[in-house]
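Peer 1: Which chain is which? The protein sequence lines are A and V, in order.
The first sequence begins at 724 in our numbering and counts up one residue at a time.
The second sequence begins at 15 in our numbering and counts up one residue at a time.
Positions of the beta carbon are idealized from the N, C-alpha and C atoms, including for glycine.
Values in this document were obtained by computation on a predicted structure and should not be read as measured data.
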Amino acid sequence: MTSLEDKFEESKKLGLQIVKESEEDRLMTLSVGPQHPGSGHFRITIKVDGDYIVYCDPDPGYVHRGEEKMCEYRNVIQNIPHLERPVIHDSNNITYSYSLAVEELVGIEVPRRGQFIRAIASELNRQVYTLYWLAIYGIFLGHSTMFMWPTGDRELFIDLLEALTGARVTHAYNIPGGVRNDMPDGFKDRCMRQVRYFEKRLKEYEDIFYNNPLFRQRTEGVAVLSKEDAIKLGVTGSVVRASGIPYDIRKAEPYDIYNEIDFKVQYMKTGDCFARSYVPFLDMKESCHIIEQLLDKMPQSGEVRAKLQPNPKGPPGEAYRRVESGRGALGYYIVSDGTPKPYRVKISVGSFRNMLALPYLLVGQKLADMPAVYWSLNYWPVEADR
Amino acid sequence: MSSNKEEPKKPVPASSSPPSKPSTTTTAKPPAKPAPPATAKPPATAAAKPVPAAPSPKKEPEPPAFEKGLADQVKKRFGESIKVVFIRPLRIKIQVDPKDTVEVATFLRDTMGFDHAESVAGTDYPKENQIEVIYHLGSYTREDLAAHVLSLTTRTNRDDAHLPTLINVYKSVEYHERETFEMLGVYFEGHPRNDRFLLPEDWADIPPLRKDFRIKGR
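#1: Would a C-beta distance cut-off of 7 Å place residue 1039 of chain A and residue 1019 of chain A closer than the cut-off?
#2: Could you confirm whether any beta carbon from chain A is found closer than 7 Å to the beta carbon of residue 129 of chain V?
#3: Please name the residue in A/871, A/1044, A/732 and A/1103 whose C-alpha comes closest to that of residue 1069 of chain A.
#4: First and last residue of the alpha helix (DSSP H) that includes residue 852 of chain A?
#5: Quick check: the Cα distance between residue 218 of chain V and residue 792 of chain A, rounded to an integer number of angstroms?
#6: Using the C-alpha atoms, what's the distance from residue 1090 of chain A back to residue 944 of chain A?
#7: Tell me, which residues are paired with residue 781 of chain A by DSSP?
#8: Counting only beta-carbon separations shorter than 7 Å, does residue 218 of chain V have a partner in chain A?
#9: Taking residue 1091 of chain A as part of the alpha helix (DSSP H), name the residues at either end of that continuous run.
#10: Going along chain A in order, which residues have a C-beta closer than 8 Å to the C-beta of residue 200 of chain V?
#11: Considering only the beta carbon of each residue, do residue 979 of chain A and residue 842 of chain A sit closer than 7 Å?
#12: Mind listing the chain A neighbours of residue 104 of chain V? Cutoff is C-beta to C-beta under 8 Å, in chain order.
#13: Going by DSSP, name the residue or residues bridged to residue 182 of chain V.
#14: Any chance the segment 1019-1034 of chain A sits against the segment 845-854 of chain A, with 3 or more Cβ pairs inside 8 Å?
#15: Along chain A, which residues have their Cβ under 9 Å away from the Cβ of residue 94 of chain V?
#16: Closer than 6 Å by C-beta to residue 802 of chain A: which residues in its own chain qualify, once you throw out the five before and the five after it? Chain order, please.
#17: Whose Cβ in chain A lies nearer than 9 Å to the Cβ of residue 80 of chain V?
#18: Check whether the Cβ atoms of residue 175 of chain V and residue 200 of chain V lie closer than 7 Å to each other.
#19: If the criterion is Cβ atoms closer than 7 Å, does the pair residue 109 of chain V and residue 90 of chain V meet it?
#20: Verify whether the separation of the beta carbon atoms of residue 1077 of chain A and residue 962 of chain A is less than 7 Å.
#21: With 9 Å as the C-beta to C-beta threshold (strictly closer), list the residues of the segment 178-211 of chain V near chain A in chain order.
#22: Given a cut-off of 7 Å, decide if residue 119 of chain V and residue 183 of chain V are closer than it, judged by their beta-carbon atoms.
#23: Take residue 172 of chain V as the anchor and find which of V/223, V/107 and V/158 has the nearest alpha-carbon.
#24: Just to make sure I have the definition right: I need the residues of chain A whose C-beta is within less than 8 Å of the C-beta of residue 175 of chain V. Which are they?
#25: If residue 965 of chain A and residue 1084 of chain A are in contact, beta carbons under 8 Å, what's the gap, nearest whole angstrom?
#26: Using a Cβ-Cβ cutoff of 7 Å, what residues of the segment 106-140 of chain V are near chain A? List them in chain order.
#27: Show which residues of chain V have a CB atom less than 7 Å away from the CB atom of residue 954 of chain A.
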């Protein structure tokens, strides 16, 4: 057996130039994204030592659109359509907290039926988003059935939302004062049917995906985020709930009629990739119960939105309101100077907060585990960029 | 602690169990209900409406007992150097001097239980030649604070915007402060990276969220 040193000496005799590798040469820099399908519109610069990731630097901003600046040029109603662009799959939730904040500033009381309908629309939209996320998570772990099934079932929810709002993905349905229009006839039955069907499907998802030994091996014990670190990093949504903190805005600070709804906050304690991917699934299950209750308890008739003046404006002031979106807490901080246009709008999104956990979790993992870790964070690049 | 609503809480056993993973998923008891006046409807109008009608008695939105307790706790520790503003139930704003931010934030984290920052927002006030930076702080560890968002605000001079970073107190502000740096041009002393984040690398203009930056054609 010749050692490396011997080989080196031998090569010198032969007149060859073999350069000894230094620590720096061992590392290889990879740029994942911003156009890589596995990263979304988002670049992660990583350095690998062999198979292991030793450095990670997230670089968002590829699809930054300046939503916050745009808000300062339009009045509160004109702002709605462009504000839902960051997350078109979850557009009812991203306009929900905006509506709540504007209602607080202007002083609008939402009719009870309107509160129910926009809660239903938001829950349905959350299902759409989570199914889309699940499909992506499935395909990047090499499970193509898990890409097909949620994509197909998502279509049924989109059809429901189309019947309700008139558009497939960008609804502009939640507005300050309630919702834009009332439910169509027969929507309640159709929605109930769909939810019952979906509850059956969720069991099949569990069998084929979450109980799949291959999936378990790829995710269990991978990239554990402890409870203390989750608090320190300030992550939110399913990521923080997977680390053992039962925090859900719908329970913590109930908005609209959520304090009348009976549901449990779903959380796990392991904090690994499996927990982070399983908590959104549990949320979908719970969301089905919420939709059923909402449909049952909804008043059969009544106004769905409050009368607004043409250019709604309130006294100078500020408001910070949050809702639970598919990716965690979604808050709007709005400063008003008494004119119809907001003086300052800050959107605090779950994706941006969860991104901080990415370098923390990725360093030390194998390169092959990158998609499993990255998508488990429930990260939506366009939302983080705003 | 002048908490007025410490409900007895009992851990509720698991109701929805994972496929074959006992005891990992449990179902949580909801965090303690917010104070009685803090339900969804009244604060919106209560906080916003009376202001234009009668600005004469400045003290009219009287804070509920719990919020008052929180405010008194901070006031007792820091006295006159800070100003506590009550916005509405569940929302308190603390205005501090830039030199005190680290000390106040450490107190809020260690003594009062606000353990993470949700967002950092900056607002430009050209008329007063100031930029206000707002840290929205929340709590995961204390259930009675779950509904509360405490705003820690500080102001800096617009021409030479410098603030001490809070990254050593709240790790969660790292990216938020970086964003505030590039969007409003506030330099955070002690922050490891005051550099480009969301804007293009070749951005060569003033920070876009300042009021003197105008969108072309508007």
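Peer 2: Well, looking at it:
#1: no
#2: yes
#3: A/1044
#4: 835-863
#5: 17 Å
#6: 16 Å
#7: A/767
#8: no
#9: Note, residue 1091 of chain A: premise wrong, no alpha helix (DSSP H); not H, not E.
#10: Correct list: empty, because the minimum Cβ distance to chain A is about 14 Å.
#11: yes
#12: 976
#13: Its beta-bridge partners do not exist; DSSP assigns none.
#14: no
#15: Simply none; closest approach about 24 Å.
#16: 794
#17: Result: empty, since nearest Cβ-Cβ is about 14 Å, beyond 9 Å.
#18: yes
#19: no
#20: yes
#21: 184, 185, 186, 187, 188, 189, 190, 193, 197, 210 and 211
#22: yes
#23: V/223
#24: Per Cβ cutoff of 8 Å: no residues; residue 175 of chain V is ~16 Å from chain A at best.
#25: The Cβ separation is near 12 Å, so there is no contact.
#26: 129, 130, 131, 132, 133, 135 and 137
#27: 129, 130, 154 and 155
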